[in-house]
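The structure appears right after this line, and notes come after that.
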Amino acid sequence: MSETQAITAAASGTITIGGDLTVNRLGYGAMRITGPGIWGPPSDKAASIATLKRALELDVDLIDTADSYGLGSRKS
Numbered sequence: 000m001s002e003t004q005a006i007t008a009a010a011s012g013t014i015t016i017g018g019d020l021t022v023n024r025l026g027y028g029a030m031r032i033t034g035p036g037i038w039g040p041p042s043d044k045a046a047s048i049a050t051l052k053r054a055l056e057l058d059v060d061l062i063d064t065a066d067s068y069g070l071g072s073r074k075s
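For the sequence shown, position 15 matches number 14 in numbering that gives the first Met the number 0, and the numbering has no gaps at all.
Structure representation (structure tokens):
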């Protein structure tokens, strides 16, 4: 049985944003884990959380979000 090894986001190198924030070049666009029509909470919250956790495990340290991906859907 063969085993695969994950390549992490760190392999993409880094970039500095705003002169003082250094992040891996490979980030994650959170628009893919939103609700229908790219608005509101996701239809499968557990899968969305698992996706974000996996991104962090793979050294993704920049997650691109926007209010238009779920304005008002977050419960405090």
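Just so you know, even glycine gets a beta-carbon here, dropped at the ideal spot from N, CA and C.
Integer Cβ distance of residue i from residue j, believed to fall under 8 Å
i	j	result
residue 29	residue 64	5 Å
residue 34	residue 42	6 Å
Under 7 Å between C-beta atoms of residue i and residue j
i	j	result
residue 25	residue 5	no
residue 50	residue 32	yes
Of the listed residues the options, nearest to residue i (C-alpha basis)
i	options	result
residue 59	17, 23, 1, 19	23
residue 56	27, 40, 39, 38	27
Burial state of residue i (16 or more Cβ within 10 Å)
i	result
residue 1	exposed
Residue i CB to nearest heavy atom of the ligand FAD below 6 Å
i	result
residue 36	The ligand content of the structure shown is nil, which means the ligand FAD is not present either.
Contact the region 5-13 vs the region 28-48: 3+ CB pairs below 8 Å: Because the criterion of three Cβ pairs below 8 Å is not met, the region 5-13 and the region 28-48 do not touch.
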